[in-house]
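Trainee: This note's numbering puts the sequence shown at residues 164 to 364.
C-beta: ideal position from N, C-alpha, C; glycine also.
A quick note: this is a predicted structure, and the numbers were derived from the prediction, not measured.
Pasting a structure below so you can have a look.
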Amino acid sequence: MLSVRRQCRILRLQRSTYYYQPIGESPYNLELMKRIDELFMELPFFGSRQMRNILRDEGHQVGRGRVRRLMRKMGLMAIYQKPKTSYPHPQHKTYPYLLRHRAITKPNQVWCADITYIPMKRGFLYLVAILDWHSRAILSWRLSNTMEADFCVSALENAIMRYGVPEIFNTDQGSQFTSYEFIKTLRDAGIRISMDGQRYD
C-alpha cells in the first residue's frame with residue numbers, strides 16, 4: 164500500500180490537498196440563500212443584478228458575483244419575461260364572444276388559435292397553432308419571426324384544407340386575428356367569428 168506522501172508525489176499534489184475537506188457555506192451565506200429563495204419566489208424575472216440591488220437595499224453588503232454564485236448553487240435562473248404575443252388594433256373591428264353558456268360536445272364545433280413564442284439562441288420565433296376546442300388536438304401550425312398576420316392565415320387555411328370548417332372560430336382580439344386577411348378567410352369559409360377579451364401577454 165502506498166503511503167499518503169508517495170500517492171501525493173505520484174499525482175503531483177500537495178499533501179494539504181489530499182486532506183482537504185469541502186467547506187460548506189457560511190451561516191451568513193446560508194442566510195442570504197434563504198432570502199434569495201424567498202425573493203425569487205416572488206420575483207422570478209429578477210437576475211443576479213436585481214437581486215443584489217434588493218439585498219443591498221435591505222442592508223446586505225453583497226456584490227453581484229456572490230449573488231450570482233449563490234443563485235447558481237441553488238439552481239435559480241431568471242425566467243425572462245416573454246415578448247407580447249398579441250396586440251389589439253384600435254382600427255380593427257372586433258366580434259362578440261359566442262361561447263358563453265354554449266356546450267361544446269364534438270370535434271369541428273369550435274376551433275381556436277393561440278400564439279406563443281419559442282426562445283432561440285438568438286432571439287425567438289412565434290408559433291401559431293390552430294386547435295380543436297373539444298379534442299384539444301392541434302390541427303395546424305406555423306412559425307414566423309414576425310407578428311404579421313400572414314402566418315396565422317396560412318395556418319388557418321391549412322387546417323381548413325385538412326379538416327373542413329368548424330361552426331365557430333374563437334380567438335382573442337389580437338391584431339393578427341382581427342386583420343382583414345384573417346377575417347376574410349373565416350367569412351369566405353362561412354365560419355362564425357367569436358372573440359374573447361383583449362390579450363395583454
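1. Under three-state DSSP, which class holds I346?
2. Here's the rule: buried if 16 or more other CB atoms are within 10 angstroms of the residue's CB, otherwise exposed. What is N333?
3. Taking buried to mean at least 16 other C-beta atoms within 10 Å of its own C-beta, is T341 buried or exposed?
4. By Cβ distance below 8 Å, which residues in the same chain neighbour L288 in space, the five residues on each side in sequence not counted?
5. Please confirm whether M237 and M196 have their CB atoms less than 8 Å apart.
6. Can you tell me whether M214 is buried or exposed, with buried defined as 16 or more other CB within 10 angstroms of its CB?
7. Could you work out which residue in P329, R219, R229 is closest to C275 when comparing CA atoms only?
8. Near R212, which residues of its chain fall below 7 Å by C-beta distance, leaving aside the five closest residues on each side in sequence?
9. Grab me the residues of I199's own chain with a C-beta within less than 8 Å of its C-beta, minus the 5 sequence neighbours each way, in chain order.
10. Rounded to a whole number of angstroms, what is the C-alpha to C-alpha distance between Q336 and G210?
11. With DSSP as the reference, label T268 as helix, strand or coil.
12. Give a yes or no on contact between the region 344-356 and the region 315-331, applying the rule of three or more CB pairs nearer than 8 Å.
13. Using the rule of at least 16 other Cβ atoms within 10 Å of the residue's Cβ for burial, across every protein chain shown, is L112 buried or exposed?
14. In this structure, does DSSP put T368 in helix, strand or coil?
15. From the DSSP secondary-structure annotation, give me the bridge partner or partners of R355.
16. Measuring straight from C-alpha to C-alpha, what distance separates Q224 and C315?
17. When DSSP builds the beta bridges, which residues end up paired with W274?
18. What did DSSP end up calling F209 once you bin it into helix, strand or coil?
Mentor: This is what the structure gives:
1. The sequence position of residue 346 within the sequence shown is 183, counting from 1. I346: helix per DSSP, three-state reduction.
2. Walking along the sequence shown from the start, residue 333 turns up at place 170. Per the 10 Å Cβ criterion, buried.
3. Translated into positions along the sequence shown, residue 341 becomes position 178. Buried is the call here.
4. For this step, residue 288 is matched to residue 125 along the sequence shown. So the qualifying residues of the chain are Y280, I281, L306, S307, N308.
5. Working through the sequence shown from its first residue, we reach residue 237 at position 74. Working through the sequence shown from its first residue, we reach residue 196 at position 33. It is a contact, given that the beta carbons lie within the stated cut-off.
6. The residue given as residue 214 occupies position 51 in the sequence shown. Classification for M214: buried.
7. The residue you call residue 275 lines up with position 112 of the sequence shown. The shortest Cα separation from C275 among P329, R219, R229 belongs to P329.
8. Position 49 of the sequence shown, counting from 1, holds the residue named residue 212. So the qualifying residues of the chain are R227.
9. Here residue 199 refers to the residue found at position 36 when the sequence shown is read from its first residue. These residues qualify, in order along the chain: M214, L218, V230, L233, M234, M237, L239.
10. Locating residue 336 in the sequence shown gives position 173, counting from the first residue. Locating residue 210 in the sequence shown gives position 47, counting from the first residue. In a straight line, the C-alpha of Q336 is about 33 Å away from that of G210.
11. Position 105 of the sequence shown, counting from 1, holds the residue named residue 268. Coil, per DSSP.
12. yes
13. No statement about residue 112 is possible, as the shown extent of the chain runs from 164 to 364 and does not include it.
14. With the chain covering 164 to 364 only, the question about residue 368 has no answer from this structure.
15. Looking up residue 355 in the sequence shown gives position 192. R355 is bridged to I331.
16. Here residue 224 refers to the residue found at position 61 when the sequence shown is read from its first residue. Here residue 315 refers to the residue found at position 152 when the sequence shown is read from its first residue. If I take the Cα positions, the gap works out to 51 Å.
17. Here residue 274 refers to the residue found at position 111 when the sequence shown is read from its first residue. Answer is D295, F332, bridged to W274.
18. The residue labelled residue 209 in the question sits at position 46 within the sequence shown. Of the three classes helix, strand and coil, the one that applies to F209 here is coil, per DSSP.
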